[in-house]
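Chains as they are written, first to last, in our numbering: chain D, 56 to 161; chain A, 10 to 422.
Here it is, written out as C-alpha cells:
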C-alpha cells in the first residue's frame, strides 16, 4: 500500500495507507481526512474534492481531463497544481506522494 | 397532504397523459407519486405535449448528473427553465450560457461567495438573524415566510450587492417578478407588471453601477463585476447586465428563503427528528443539507440538445428540451437511502441534487448553508418549538418550490 501524505490547509498532516485502484478522494474519505467534501460522490460533477499535488508528483498523478478542467475553472483558488482527487486513481508508484488541501471547498 | 384536485390519478393514468409542467402538481404538493412512477417505469420520459411544448424529463439522480456534466451535448442556451424566454425582454445571464462565456462571467462574481469571504460575513449574518428572531411576536400567530425567511434573505442580498438597505424589499419583489412569469414557469405574475418592474430593476442597478464606478476596494457584487476585465463593461449591455443581476437576486433569494421555511415544515411533519435536534444541536450542519435536499427549492433545470444523442436507450433529437428534475433525483431510492424520509442525521447528507452538478453547480451553496446553519443555531437558543399552526400556502410554479405563507406560533425555551 502506497503511503500518501495529505496536508490540511492549517498544516495538519495525515499519512494514509492508500488502497491501489481506488481514487485519491475515496482514500481520503475512507481515512476520514477532513477537508475533502466530495459532495457528488466522485463523478467529477461538484468540485468539492479539490486538492493540490506537490510539483514532484505532478507527472505520476496524471493529466487534468477536460471535464475536470471545466470544474476546476470554477474555483477561485485554482493553481497549476490543482486536481480533483476523484479523478486520480491511486497506483503503487504514488508511495510518498504529498497532497495539499485547500482552505475551503465550494 | 390534501387530495389533489383536478389532477389525474398518478397510479392509473397512462404516462403519456402526465403533465409534469403543470404548476398545480407542485402548488398542491402532489408530485411525489408521479415521479415515483416515472423513475420506476420510464426514467427518461418524453412528454409530447405541454403548454410549453414537448420536453424530456430526466428523473433519476445519476442520469441528472450525466446530463449536467455533458454540457457540450446538453446546452444551457437559450434558457434553463421549461418555458422559453419572452421576446419582450431578451435578458442574458451566465446560468443560461455555455463555456467559455459562462466561465468568464461566473468567475467575476464567484469570489463574493467563496467561503473565505463568508467566514468574515458570518458575524454580520448572525447579528441580523438575532435581531430578526428577537423581534418576533412570541405567542401570536404570524407568517414565518414574511417575518423570517424573506426578511433574512433580503437583508443578506442587500449586503451582497451593497444595495440601499432601506429599499431592500425591492430585491424580493424583483426576484418574484423574475421567476413568476406564466410563459416561463407557469407562474401567475402579470406580464405588464413584470416588464415595468424589471425595467425599474435595470434602471436602479444602472444608477448604482455609475455611482459606484471609481470607488475602490468594494467587495460587493457590483464592484466585483466592474473590476473584472470580462465584465467591466457589462453595464453597456443592458440585457446581459439585467440578466446577471436577476440571476444573482434569484439565486440568493428564492432558494434560501424557501429552505428557511421548508425546514420549519419538515420538522413539524417529523416530530421525532425535531426531538433529535433538541437533544443534539450539533446535528444542525447535517440537518441543513437534509433540509435543502428535502425542500429542493429549485425543482428543475432545463438543457437543450445540441445534437442527436442516444441516452439511456432513448433517442433525443437535436433541439429537444431536456428537463432535469432535481426534485425527483432527490427522491431516488437507487442513490439516496430512504429518500422519502426526512432524516436530520443522515450518513451522507451533502449527496443531493438541489445544487445541480457540473459547471453550473450552485455558486452560492456555502453561503446558503451558512445562513441556514446560523438561523437554526439561533432559533435553538431561543425557542423550543416553532409550531406550524395552519396549512402553508405554496407558490404556483413548476420551477420554484416555495411558500407564500406559513402560519406559526413560537414557544420560547
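Think of the CB as a built atom: it goes at the ideal place given N, C-alpha and C, for glycine as much as any other residue.
Since this is a predicted model, take the numbers as computed values, not measurements.
Alpha helix (DSSP H) segment containing residue i, residue limits
i, result
"residue 416(A)", "Counting along the chain, residue 416(A) falls outside any alpha helix (DSSP H), though it belongs to the beta strand (DSSP E) covering 416–421."
"residue 169(A)", "160–170"
"residue 133(A)", "124–143"
"residue 110(A)", "110–118"
"residue 33(A)", "32–36"
"residue 323(A)", "Where residue 323(A) is concerned, there is no enclosing alpha helix (DSSP H), although the beta strand (DSSP E) it sits in stretches over 323–325."
"residue 56(A)", "Premise fails: residue 56(A) lies in the beta strand (DSSP E), 53–56, not in any alpha helix (DSSP H)."
"residue 65(A)", "Where residue 65(A) is concerned, there is no enclosing alpha helix (DSSP H), although the beta strand (DSSP E) it sits in stretches over 64–67."
"residue 70(A)", "70–77"
"residue 125(D)", "121–127"
"residue 2(A)", "Here chain A covers residues 10 to 422 and nothing more, so residue 2(A) does not appear."
"residue 248(A)", "247–260"
Burial state of residue i, where buried means 16 or more other Cβ atoms lie within 10 Å
i, result
"residue 75(D)", "exposed"
"residue 422(A)", "exposed"
"residue 64(D)", "exposed"
"residue 58(D)", "exposed"
"residue 132(A)", "exposed"
"residue 158(D)", "exposed"
"residue 114(D)", "exposed"
"residue 408(A)", "buried"
"residue 343(A)", "exposed"
"residue 306(A)", "buried"
"residue 358(A)", "buried"
"residue 248(A)", "exposed"
"residue 378(A)", "buried"
"residue 253(A)", "buried"
"residue 144(A)", "exposed"
"residue 299(A)", "buried"
"residue 129(D)", "buried"
"residue 158(A)", "buried"
"residue 135(D)", "exposed"
"residue 21(A)", "exposed"
"residue 370(A)", "buried"
"residue 54(A)", "buried"
Candidates the options: closest to residue i by CA position
i, options, result
"residue 290(A)", "373(A), 232(A), 348(A) and 389(A)", "389(A)"
"residue 152(A)", "396(A), 409(A), 408(A) and 410(A)", "396(A)"
"residue 281(A)", "365(A), 353(A) and 241(A)", "353(A)"
"residue 98(D)", "255(A), 186(A), 115(A) and 367(A)", "367(A)"
"residue 44(A)", "412(A), 19(A), 60(A) and 183(A)", "19(A)"
"residue 73(D)", "155(D), 148(D) and 121(D)", "148(D)"
"residue 37(A)", "86(A), 419(A) and 413(A)", "413(A)"
"residue 312(A)", "179(A), 328(A), 175(A) and 103(A)", "328(A)"
"residue 184(A)", "384(A), 69(A) and 266(A)", "266(A)"
"residue 244(A)", "60(A), 316(A) and 101(A)", "101(A)"
"residue 93(D)", "102(D), 137(D) and 132(D)", "102(D)"
"residue 363(A)", "345(A), 339(A) and 375(A)", "339(A)"
"residue 164(A)", "188(A), 136(A), 222(A) and 392(A)", "136(A)"
"residue 173(A)", "321(A), 239(A) and 220(A)", "220(A)"
"residue 141(A)", "148(A), 155(A) and 129(A)", "155(A)"
"residue 51(A)", "418(A), 166(A) and 323(A)", "323(A)"
"residue 77(A)", "381(A), 107(A) and 92(A)", "107(A)"
"residue 59(A)", "92(A), 80(A) and 79(A)", "92(A)"
"residue 261(A)", "16(A), 61(A), 235(A) and 380(A)", "380(A)"
"residue 402(A)", "415(A), 393(A) and 392(A)", "415(A)"
Cβ-heavy atom distance, residue i to the ligand SAM, below 8 Å
i, result
"residue 212(A)", "With respect to small molecules bound, the structure shown includes none, and the ligand SAM cannot be examined in it."
Residue i, enclosing beta strand (DSSP E) - first and last residue
i, result
"residue 107(D)", "105–108"
"residue 41(A)", "From DSSP, residue 41(A) is part of no beta strand (DSSP E) but of the alpha helix (DSSP H) over 41–50."
"residue 265(A)", "Careful: residue 265(A) lies outside any beta strand (DSSP E), inside the alpha helix (DSSP H) at 263–278."
"residue 219(A)", "Unbroken run through residue 219(A) is the alpha helix (DSSP H), 200–221; no beta strand (DSSP E)."
"residue 337(A)", "It is not in any beta strand (DSSP E) - residue 337(A) instead sits in the alpha helix (DSSP H) that spans 335–338."
"residue 153(D)", "153–155"
"residue 396(A)", "392–397"
Counterpart residues of residue i in DSSP-defined beta bridges
i, result
"residue 171(D)", "Any answer about residue 171(D) is impossible in this case: the structure gives chain D only from 56 up to 161."
"residue 314(A)", "83(A)"
"residue 137(D)", "107(D)"
"residue 78(D)", "144(D)"
"residue 177(A)", "Partner(s): none; residue 177(A) has no beta bridge."
"residue 9(A)", "What the structure shows of chain A is the stretch from 10 to 422, and residue 9(A) is not part of that stretch, so it cannot be assessed."
Under 9 Å between C-beta atoms of residue i and residue j
i, j, result
"residue 160(D)", "residue 78(D)", "no"
"residue 90(A)", "residue 241(A)", "no"
"residue 120(A)", "residue 405(A)", "no"
"residue 108(D)", "residue 70(D)", "no"
"residue 350(A)", "residue 293(A)", "no"
"residue 308(A)", "residue 334(A)", "yes"
"residue 66(A)", "residue 47(A)", "yes"
"residue 256(A)", "residue 104(A)", "yes"
"residue 229(A)", "residue 117(A)", "no"
"residue 166(A)", "residue 186(A)", "no"
"residue 182(A)", "residue 215(A)", "no"
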